[in-house]
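All remarks here apply to the structure that follows.
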Amino acid sequence: MYTGFFILCKGKMIYFSISILPTHVWKQVMYIGHMRYWFIGSRLRVNNVRNINQGRTIPKEFILSKENRENCITKLKTMKPAWLYGMEPLKKAAVLVPLCEVNNELSFLYTLRSSDLKSYRGQVSFPGGVKDKTDENLEETALRETFEELGIQRTQIDVWGNGFFVGTRQKDMAVMPFIGYLGEVSMKRLILNRKEVESVFTMPLKQLINLDNCKSTQFRNGHVLPVFVGGEHRIWGMTAIITHFVLDALLPAGTYAHKLYYIAPLKIPSPETKKTKI
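Here the sequence shown is numbered in our numbering, starting from 261 and rising by one per residue.
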């Protein structure tokens, strides 16, 4: 009988003793990365929940079909991410989620914000910005900003529709994402506005759904947010949130299996709290 548990880490089984842990800790269910661990008594069950579709070709014809486009937007509108707030934001903004093809592979296009900007400088983002008084609606905002940042004409973008408002961490702005299909994109032909954009890059959908590239980060307030690695730059924050929900709505059920789990911190009683028998 084991008096601890094993964890599979980088191909090696590492043993941890439970003698120093309270019973309620090692019997609880914990979720770590893409593996599930059940600590029940001295037995360990490991359930590998890797994406069964990992490595498969993304069905481009299905994704770009009219039926899937409509289903994607319908599903996206019903999603309510936790990163929202009840208060009415002072400003509203919009971003374009550019779905494109690079070397015949469906990809998302991202920008790296200029380090000279006052806000969110040096961060990965989608093209977009704050709604201007001259913008008729938020879709116009997303299209205008995309042209200003990347030189992509409105006529080159097939807008599918919009999703949900996502609130910023500062609670001062709500951002509306719009999905737009660009077709085949040549990165060399993009005209970057260097005042706003440091660089531009794409990441294939098959890379984004690869669970080796799907990470997460947990904040002290309890929020667990997705993070994507494996590309030219680390994708996190609001851009990762939008990417996460769009992938879930866009792809066939079960294709994108990145789950976000809250990991409760282990609370080990300090020696001072232990009762001393007399």
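Where a beta carbon is used, it is the ideal one built from N, C-alpha and C, also for glycine.
Check	Outcome
Should S476 go down as buried or exposed, given a rule of 16 or more other Cβ atoms within 10 Å for buried?	buried
Do you know how far the Cα of V426 is from the Cα of V435?	5 Å
What separation, rounded to the nearest whole angstrom, lies between the Cα atoms of D418 and C360?	10 Å
If I follow the unbroken beta strand (DSSP E) through I318, where does it start and stop?	Where I318 is concerned, there is no enclosing beta strand (DSSP E), given that its DSSP letter is neither H nor E.
When you compare only the Cα positions, how much space is there between E330 and L510?	10 Å
Select from G490, G411 and P486 the residue whose C-alpha is nearest the C-alpha of G497.	P486
The beta strand (DSSP E) with A353 in it runs from where to where?	K351 to V362
What residues are listed by DSSP as bridge partners for E444?	E361
Is I469 helix, strand or coil when you go by DSSP?	coil
Name the DSSP beta bridge partners of R373, please?	V457
Alpha carbon to alpha carbon, what distance is there between K351 and D542?	Beyond the ends of the chain as shown, which are 261 and 538, falls residue 542; an answer cannot be given.
Please classify D392: does DSSP put it in a helix, a strand, or coil?	coil
Look up T415 in the DSSP assignment and say whether it is helix, strand or coil.	helix
Only counting the same chain, and skipping five residues up and downstream in sequence, which positions put a Cβ closer than 7 Å to that of K337?	G423 and F424
Excluding the 5 residues preceding and the 5 following L465 in the sequence, name in chain order all residues of the same chain whose CB lies nearer than 6 Å to its CB.	I318 and L366
Which class does I333 belong to by DSSP, given the choice of helix, strand or coil?	helix
Closest to V484 by C-alpha separation, out of L324, G491 and I501, would be which residue?	I501
From the DSSP output, which residues share a beta bridge with K475?	V487
Identify, in the order they occur along the chain, each residue of the same chain with its Cβ nearer than 8 Å to the Cβ of D376, setting aside the five sequence neighbours on each side.	K455
Checking the sheet assignment: what are the DSSP bridge partners for F438?	L356 and N422
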